[in-house]
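Below is one structure, written out as structure tokens; the observations come after it.
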Amino acid sequence: MKEKLLYSNTWPLLFDEEDKTIESCFIKELKKSDRLEIAVGFFSHNALEELDRLVIQQNIKNISLILGMHYFIGFSNNNLLELALRINEKWQRSGIGEIRITYAFRYHGKLYCFLKNNEIHSAILGSPNLSFLPLKTSSLQKCKQCEISLLLKNSETLKEIRNHMNVLKADSFSKNITSFIKNDVFSTFETDQKESKKHLKSNSQIFD
4 MKEKLLYSNT WPLLFDEEDK TIESCFIKEL KKSDRLEIAV GFFSHNALEE
54 LDRLVIQQNI KNISLILGMH YFIGFSNNNL LELALRINEK WQRSGIGEIR
104 ITYAFRYHGK LYCFLKNNEI HSAILGSPNL SFLPLKTSSL QKCKQCEISL
154 LLKNSETLKE IRNHMNVLKA DSFSKNITSF IKNDVFSTFE TDQKESKKHL
204 KSNSQIFD
């Protein structure tokens, strides 16, 4: 299969063909998979809840979610942090996966990898953070921001992507989200920016 461009359904750029939308393609590829690996900068509350629902619904055996920016700029509100911690605990307790946070550098990539029997069969690479998945119980809302992605199936490209994800999952680049709670890394992110920068500097050697 050739590469395919994917879009968000953003007014007035709307698509009648469902397989052209990022969300529809994500769900289609997920249904072919038993393992999912994601690396993004940010996530939304609704999208993480929906991801958890899909993981359970599709009987995904292993899920790895890497968040690339929160160590450096914190969480916009406590609800996001609490949700991430709750989902992480749920996945770990079930033995299916975890949520990790990069601390070695700011990671702003957006990568969604789909695997079956430990082999990567496709990936979505593009502009959307983990915010494009709406809850099925919510009313249909058109995306407020236009995103574009590429569905990848080339074996050599997928091999490189798999290697990239393995690097991001290494402890020298990222750690489980609970590691940062134990070290109180997020404690001052509700203060002003100057205090946040000061706190980041004081925590820069935590995992050296």
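Quick note: to get the working numbering, add 3 to the position in the sequence shown (first position is 1). All C-beta atoms in this analysis are idealised placements derived from N, C-alpha and C, irrespective of residue type, glycine included.
Residue i versus residue j: straight-line alpha-carbon distance, rounded
i	j	result
Ile-59	Gln-95	13 angstroms
Ile-164	Thr-24	22 angstroms
Gly-129	Ala-87	23 angstroms
Glu-150	Ser-47	15 angstroms
Pro-131	Ser-182	27 angstroms
Member of the options whose CA lies at the smallest distance from the CA of residue i
i	options	result
Asn-62	Glu-85, Met-72, Lys-34	Lys-34
Leu-114	Asn-121, Ser-134, Ser-182	Ser-134
Asn-80	His-111, Phe-45, Lys-93	Phe-45
Phe-75	Ala-42, Leu-83, Tyr-110	Tyr-110
Cutoff 9 angstroms: residue i Cβ touching any chain D Cβ
i	result
Ser-130	Judged by its chain identifiers, the structure shown contains no chain D, having just a single protein chain.
Same chain, Cβ closer than 7 angstroms to residue i, five either side skipped, listed in chain order
i	result
Cys-28	Leu-9, Asp-22, Ile-127, Leu-154
His-73	Ile-104
Lys-185	none
Contacts around residue i, its chain only, beta-carbon distance under 6 angstroms, and the 5 residues preceding and following it disregarded
i	result
Glu-40	Ser-67, Cys-116, Met-168
Glu-32	Phe-117, Ser-125
Cβ neighbour criterion (16 or more within 10 Å) applied to residue i
i	result
Glu-101	buried
Glu-198	Confidence at Glu-198 is low in this model, with a pLDDT of 47, below 50, so the placement of that residue should be treated as unreliable; the coordinate-derived value is given next. Exposed.
Ile-180	buried
Arg-38	buried
Glu-122	exposed
Glu-85	exposed
Gly-98	exposed
Ser-125	buried
Asn-12	buried
Residue i: first and last residue of the uninterrupted beta strand (DSSP E) it sits in
i	result
Phe-78	Phe-78 -> no beta strand (DSSP E), and no H or E assigned at all.
Ser-7	The amino acid at residue 7 is misidentified as Ser; the sequence shows Lys. Taken as a continuous stretch (DSSP letters only), the beta strand (DSSP E) holding Lys-7 covers 7-10.
Ile-59	From DSSP, Ile-59 is part of no beta strand (DSSP E) but of the alpha helix (DSSP H) over 48-60.
Phe-117	114-119
Proximal residues to residue i (C-beta, below 8 angstroms), its chain only, five neighbours per side dropped
i	result
Ser-177	Ile-69, Arg-103, Ile-104, Thr-105, Tyr-106, Ala-107, Leu-171
Leu-136	Glu-26, Phe-29, Asn-49, Ala-50, Glu-53, Leu-54, Leu-57
Lys-162	Ile-123
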